[in-house]
Amino acid sequence: MESAADKLESVRANIARMCKPARRKPEDVTLIAVSKTHPAECITPLLEAGHRVFGENRVQEAAGKWPRLREEYRDVELHLIGQLQSNKAEEAVELFDYIHSLDRPSLLKALAKAMEKTGRRVPCFVQVNIGDEEQKGGCPIAEVPQFLEKVRGADIPVAGLMCLPPSDIEAAPFFAFLAKLAKDNGVEGLSMGMSGDYETAVQLGATHVRVGTALFGTRG
Ligand SMILES: *Cc1c(COP(=O)(O)O)cnc(C)c1O
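Position one of the sequence shown corresponds to residue 10 (my numbering), numbered consecutively onward.
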C-alpha cells in the first residue's frame, strides 16, 4: 500500500511536472491537503512527512481536530475551504489562517466584525459561482468587481479568487475564466483544482490547489 508520504510525493511531482511547460515555479503553487472527514491519526503521517498546509470545510470539525494537532505541529497553516455561515465567522477567524469562501455581503460584514474584535486579519479568497449554478455558493460573476471593492473597503486582505466548477464537465474553461477574472481585477491568488483536476488547474495558473482524495483516499 502507498503510504501518505508516497502519495504526497506523487502529488507534488505532478504539480512540478505541470509547472514546467507553463513556465511556473512549483513553489508558487500551495498544496492544501484537504483533511475533512479524516481523523487526526490519518493526518499525522502527512505532518510527519513535513506537510504543513491543510484544508477543512467545516468550522466545527476543524475545531475538534486541529487545536490539539497544533500543539505538536505549531507551524500548521489551516485553510477553510467550505461554506461559512455568518454566525460562525468569529470562530472561523480564530481558527483559520485563510478563508476561501467569502461570497456575499452578509458574510463580509460578519468577517469584518470578527476581525475587528479578535485583531486577526485573515486573508480571504472571494468564491466565484463560476458555473452560474443555483445550488452553489459563490459571488455571481457580474458582481465580482463591486464585491472585491467592498472587501478591500472593509480592510479584509484579498488572497485571491476561488472556484468550484460544475462537476461532470471539463473544468479547464472555468479555470481559465477564473484566471482572467482575477487578472482583470488585479487579484493574484487563484484557489482552484481538486484531486481530479489539480494538474489542469496548475497549468492554468492555480496558486492554491485543494487536494483531498488523492492524498487521503476516498472519504467514508
Ligand atoms: C472536499 C473539497 C476539496 C477536495 O476534494 P477532493 O476531490 O477530495 O480532492 C476541494 N475543495 C473543496 C471546496 C472541497 O469541499
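Idealized CB from N, CA, C, for every residue including glycine.
Keep in mind that this is a model prediction, so the values were computed, not measured.
Any heavy atom of ligand 1 counts here; residues with a Cβ closer than 5 Å to one of them, in chain order, are Val43, Asn66, Ile90, Met203, Ser204, Arg219, Val220, Gly221 and Thr222.
The alpha-carbon of Ser95 is positioned some 34 Å away from that of Ile24. In the same chain as Ala121, and ignoring 5 residues on each side of it, the C-beta atoms closer than 8 Å to its own belong to Ala163, Asp164 and Ile165, in chain order. Between Ala58 and Arg77, the alpha-carbon positions lie close to 18 Å from each other. Between Glu80 and Arg61, the C-beta spacing is not below 7 Å.
Contact check for Val137 and Leu190: beta-carbon distance about 7 Å, within the 8 Å limit, so the pair qualifies. When the alpha-carbon of Pro175 is set against those of Lys192, Met203, Val160 and Ala168, the nearest one is in Met203. Here Asp112 has Gln136, Gly146, Gly147 and Cys148 as same chain residues with Cβ atoms under 6 Å from its own Cβ, once five neighbours each way along the sequence are excluded. A distance below 7 Å between beta-carbons, with the five flanking residues on each side excluded, links Phe183 to the following residues of its chain, in chain order: Ile139, Gly140, Cys172 and Pro174. Residue range Ala13 to Cys28 is occupied by the alpha helix (DSSP H) that includes Met27.
Secondary structure of Phe225 (DSSP, three-state): helix. For Ser200, the enclosing beta strand (DSSP E) has its first and last residue at Gly198 to Ser200. For Cys172, the enclosing beta strand (DSSP E) covers residues Val167 to Cys172. DSSP places Thr39 outside any alpha helix (DSSP H); the residue lies instead in the beta strand (DSSP E), whose first and last residues are Thr39 to Val43. Shown here, Ser115 sits in a helix according to DSSP, grouped into three states. When the five nearest sequence neighbours on each side are left out, the beta carbons in the same chain lying within less than 8 Å of the beta carbon of Ala185 are those of Leu213, in order along the chain. If you draw a 10 Å sphere on the C-beta of Ser115, you find fewer than 16 other C-beta atoms in it, and that means exposed. Across the set Ala151, Glu158, Met27 and Gln92, the C-alpha of Gln92 shows the shortest separation from the C-alpha of Gln144. Secondary-structure assignment with DSSP links Val153 through no beta bridge to anything.
Taking 8 Å as the upper bound for CB-CB distance, Leu199 and Ala215 are in contact here, some 5 Å apart.
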